[in-house]
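These notes are about the structure you will find just below.
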Amino acid sequence: MSQQIYVDSYRDQSGVYLPIEPVMETDEGYDSVRIQTAARNQAMHFWQLGRFRFLLQALKDEICGQAASSLSLIDIGGGTGGWVKYLEHNYPARFREVAIGDSSLSALQFSRGLNSQVDHYQIDVLKLPWKSRWDLVFLLDVIEHLQQDVEVLKSIKNILRPGGLLFVTAPALNCFWSREDDAAHHFRRYAKNDFLILAKRSGLELVRARYFMFFLSPLLWLRRFAWPDLGNMSNQEIQMQKQKTHRVPITPINHLLRLIFSLETPVGLRIPFPWGTSLLGVFKANSQPFRN
């Protein structure tokens, strides 16, 4: 449980901490269909599981020698709680505290039902309520949806303890831009240099940047051409197309793609790939040694 609770907050019947000042949900929020789709994808989809595997190895590398039981972490934009659930099942160490923060109350309430021992906070990422609070913060495929990316990182810097780490994943490289990015309301895709600029402008230190989804990148590049013209589609048709493309592939294909993706860990963290469809950045609050 949290040792530093939201100062101006209350807890709803589901156990989610809500701010006194209402939070405006971003994008289109989460309806029941999107919640179920997101939860299923995070548990089964080859891309989600491959991304989590890559991220977990990076986490192990960065906190090597540190006692996990002394560290607190929060997944911002954690939605239905897939990353936290993956950690619970695949990382034997137990952190001092684990939390999920999101603007979507419905997603948090869903996650709370699956992760009852994890604190859940409804938050505005630009108005985070803590100061020097967390050792580890995760922002996983969230920042591309937010126009003010520098301000977001500045906000997160304020909640990190001295030497704390921020793990960011995002879609990579404009050559992979497609109508799917438009449908998902992405503002941008990132290159390594973009993360370096973000670090400098936000006052953070970029300690690692790695492309991933390298082996399967030709497949994604070709898939760009499968998306129809959004200009000729209604919002309902766009949502149906998104649901179609986000489905978990049939089991044999999903297993094969997961196997191929899994080969990138830990190779892609030891020998940097020249490109990939996604980018991982690890940012540090300052240059002091990481908190023990």
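Each residue of the sequence shown is one higher than the one before, counting from 0 in numbering that gives the first Met the number 0.
We treat Cβ as the ideally placed atom computed from N, Cα and C, and that holds for glycine.
Rounded to the nearest angstrom, how far is the Cβ of residue i from that of residue j, given a contact under 8 angstroms?
i      : j      : result
PHE186 : GLN146 : 5 angstroms
GLU143 : ALA169 : 5 angstroms
TYR9   : HIS119 : That pair is no contact at about 13 angstroms.
VAL206 : VAL281 : 5 angstroms
VAL141 : ILE75  : 7 angstroms
ASP193 : GLY163 : With 8 angstroms as the limit, ASP193 and GLY163 do not qualify as a contact, their Cβ atoms being about 22 angstroms apart.
Spatial neighbours of residue i within its chain, please: CB distance less than 8 angstroms, with the 5 preceding and 5 following residues excluded, ordered by chain position.
i      : result
ARG178 : ARG223, TRP226, PRO227, ASP228, LEU229
PHE214 : ILE259, PHE260, LEU262, GLU263
MET232 : GLN240
GLU24  : SER102, SER103, LEU104
If you draw a straight line from the alpha carbon of residue i to that of residue j, how long is it in whole angstroms?
i      : j      : result
LYS130 : GLY80  : 23 angstroms
LEU86  : TYR189 : 26 angstroms
ILE155 : HIS184 : 22 angstroms
ARG52  : THR264 : 7 angstroms
ARG37  : GLN238 : The question names Arg, but residue 37 is Ala in the sequence shown. Computed Cα separation, rounded: 13 angstroms.
GLY14  : GLY112 : 9 angstroms
ILE270 : LEU127 : 36 angstroms
ALA42  : PRO273 : 29 angstroms
THR276 : PHE175 : 7 angstroms
PHE109 : VAL247 : 20 angstroms
ALA208 : LYS191 : 6 angstroms
ILE158 : GLU96  : 15 angstroms
ALA57  : ASN234 : 38 angstroms
SER216 : TYR210 : 11 angstroms
PRO161 : ASN285 : 6 angstroms
ARG132 : ARG50  : 26 angstroms
GLN116 : GLN65  : 23 angstroms
ALA171 : VAL266 : 18 angstroms
LEU70  : ASP180 : 35 angstroms
PRO251 : LYS243 : 18 angstroms
Are residue i and residue j close, meaning C-beta to C-beta below 8 angstroms?
i      : j      : result
LEU152 : SER102 : no
ASN40  : HIS245 : yes
SER105 : ILE196 : no
LEU72  : PHE137 : yes
ILE165 : LEU203 : It is worth fixing the name first, because residue 165 is Leu in this sequence and not Ile. Yes, these two residues count as a Cβ contact at 8 angstroms.
LEU256 : LEU54  : no
PHE45  : ASN253 : yes
Buried or exposed: residue i, going by 16 or more other Cβ atoms within 10 Å of its Cβ?
i      : result
ASN114 : buried
ALA98  : buried
ASP26  : Residue confidence for ASP26 is low, a pLDDT of 47 falling below 50, so the modelled location carries little weight and cannot support an answer.
GLU304 : Outside the shown range of the chain, which is 0 to 291, sits residue 304, and nothing can be said about it.
LEU221 : exposed
LYS283 : buried
MET212 : buried
VAL83  : buried
LEU218 : exposed
VAL167 : buried
GLU236 : exposed
VAL32  : exposed
Near residue i, what residues of its chain come up, given a Cβ to Cβ distance below 7 angstroms and the 5 sequence neighbours on each side ignored?
i      : result
ALA67  : ALA92, ARG93, PHE94
CYS63  : none
ASP60  : LEU268
ASP11  : LEU17
ALA198 : GLU204, LEU205, PHE282
Tell me which same chain residues have a C-beta within less than 6 angstroms of the C-beta of residue i, skipping the five on either side of it?
i      : result
VAL149 : ARG200, SER201
LYS241 : ALA182
GLY77  : ILE99, ASP101
VAL22  : SER102, GLN121, ASP123
TYR29  : SER103, SER105, ALA106
Between residue i and chain D, is the shortest Cβ-Cβ distance under 8 angstroms, so that the two count as touching?
i     : result
ARG52 : The structure shown has no chain D; it contains just one protein chain.
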